[in-house]
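S.K.: For the sequence shown, this note's numbering assigns the number -6 to the initial residue and increments by one for each residue that follows.
The C-beta atom is built at its ideal place from N, Cα and C for all residues, glycine as well.
First, the structure itself, so that you have it in front of you.
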Amino acid sequence: MRKLSIIAILMLGLSMMSQAQEEDALALEVIARLNEWRISEDVWPLKPNDTLAALALSQAHYLASLPTLPDDLHIDKSGLQPRERALLMPYNWPHYELPGQIAIGENAAIGSVDYAFEFWTESAIHARTALNPDYREVGVGVVPYKNSNLFIVVFGARPDVLPALVDPQDGRTIYLSNEDFEYARFYDSIQTASEIQVFDSSGRPIYDEPLAWTEKLAVPVDAGDSVFILSSDGNHEVLSAVDLSDDHVILPDSIEPEPTALPPTQAPAAEQTAVAATPAPTMMPTMTPVPVITEEPPSSVAQPDLLIMYSNNTLDVINVSAEPLDLRTLEIDGVIDFPFTQFTRVTDFPLEALPTRHCLQIRSQGVSGDVVKQDTCNWVRSLITVSPDRIFWAQAPFEVQRNGLTIATCQPNASVCAVDLP
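See the structure below:
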């Protein structure tokens, strides 16, 4: 009996490993097909990113857990869109000047890889996302769904991160990327790079003079096993390291075929089963589409009641929960004290039941023009302007208190602070 139990456990583990390997292989195939598509349209390929993969897999698990799929596959259980949840723990995806200026996009599909790409290529909005030069990195989540598969693909870009990838066919041609995000111009980071310098593995310049930025670059054979590319826009510089043996573009011809699962009807001895399960498919070392963080179920990512989003000039308090919230006893304790009841002095609204997706804003008097709301906010219910010397959120950490008890501590350079109401 004990031997049968061991065999059953090992067979179950083998089945789970086989399924995980299949999902990993499908994720790699999606990335490979995306890169092939982008290159055919003269757009730089995408580099796999663990954080984006975690973001994609979390949403895929959430959707697969539902009895029926919603009309909008991009909204999570808290009503947040991909760009909004990317700002939160544990992802903390970097944004540009404002939290709403974040380079994140998402595509979804159900079916086979072939069907997903047929759908994305024929849908204008999905094709624009897949081919958008704003994006330089990607993560794919794949989960089984009703005898098929559910695919979530998250595209992204970060300030001052310009991946460079090697063509796997010749090992010497490098695909460069550039900054193309529209909001980069408002941020103190590299803009569109106009020239590059290339250094060999020892740090010596390969060319005597800087080169004009180009989409593809062939490096000499004697450059060593790695090169460094310094991109410049004239004011900012970004250094990208490229391992010529590892940092390959994932393309259909460069990925190994999916490993064949062992027949479930065979029940070898426990020792043989364990040994048979240990070999992993041979894959390129840089391909890690399922990081450790994605093993957590989607319910493990805590969803806050409030988001406080702030920049150099504005602070927004947004109800991101699924129900109205009573904010009457909340207070901000920092360089200055700010009770939330002050918001009711400028306009009449239900502070005792702030509706979901409604927000409150504090803005510097130095900002002019119309009220600008975050994507997470449907309606700015109250706006208070303060003098520039009272921009407390940019000066020092501040606490959010309820009835005198601290429920959150926010850092001045964080830009986003999540608050759970007791």
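Express the C-alpha separation of T322 and P332 in angstroms, rounding to a whole number.
M.R.: 8 Å
S.K.: Out of curiosity, what's the CA-to-CA distance linking I95 and P343?
M.R.: 31 Å
S.K.: Is the stretch 120 to 129 touching the stretch 23 to 33 in the sense that three or more CB pairs, one from each, lie closer than 8 Å?
M.R.: yes
S.K.: Can you find at least 3 beta carbon pairs, one from the stretch 77 to 86 and one from the stretch 137 to 145, that sit closer than 8 Å?
M.R.: no
S.K.: Check whether the stretch 373 to 389 and the stretch 333 to 352 are in contact - that is, three or more C-beta pairs closer than 8 Å.
M.R.: yes
S.K.: Which one or two residues does DSSP pair with V146 in a beta bridge?
M.R.: N100, V133
S.K.: Is the CB-CB distance between L155 and A186 below 9 Å?
M.R.: yes
S.K.: Taking only the alpha-carbon atoms, compute the straight-line gap between S71 and R197 and give it to the nearest angstrom.
M.R.: 51 Å
S.K.: So is P282 buried or exposed if we call it buried at 16+ other beta carbons inside 10 Å?
M.R.: Unreliable positioning characterises P282 in this predicted model, as indicated by a pLDDT of 37, which lies under 50. The coordinate reading is nonetheless provided below. That one is buried.
S.K.: Taking only the alpha-carbon atoms, compute the straight-line gap between L80 and A211 and give it to the nearest angstrom.
M.R.: 37 Å
S.K.: Rounded to whole angstroms, what's the CA-CA distance from P75 to D173? Just pull it up for me.
M.R.: 20 Å
S.K.: Can you tell me the Cα-Cα spacing of V159 and I243, whole angstroms?
M.R.: 9 Å
S.K.: Under 9 Å between the Cβ atoms of E90 and S304?
M.R.: yes
S.K.: Going residue by residue through the stretch 83 to 128, where are the continuous beta strand (DSSP E) segments of at least 3 residues, counting only ones entirely within it?
M.R.: 97 to 103
S.K.: Between the beta-carbon of Q52 and the beta-carbon of E99, is there less than 9 Å?
M.R.: yes
S.K.: Using the Cα positions of R165 and I222, report the straight-line distance between them to the nearest angstrom.
M.R.: 14 Å
S.K.: In terms of residues, what are the limits of the beta strand (DSSP E) holding S219?
M.R.: In the DSSP annotation of this structure, the continuous segment of the beta strand (DSSP E) that includes S219 starts and ends at 219 to 225.
S.K.: Which residues does DSSP pair with I355 in a beta bridge?
M.R.: DSSP lists L308, I377 as partners of I355.
S.K.: So, using beta-carbon positions, are H67 and A20 closer together than 9 Å?
M.R.: no
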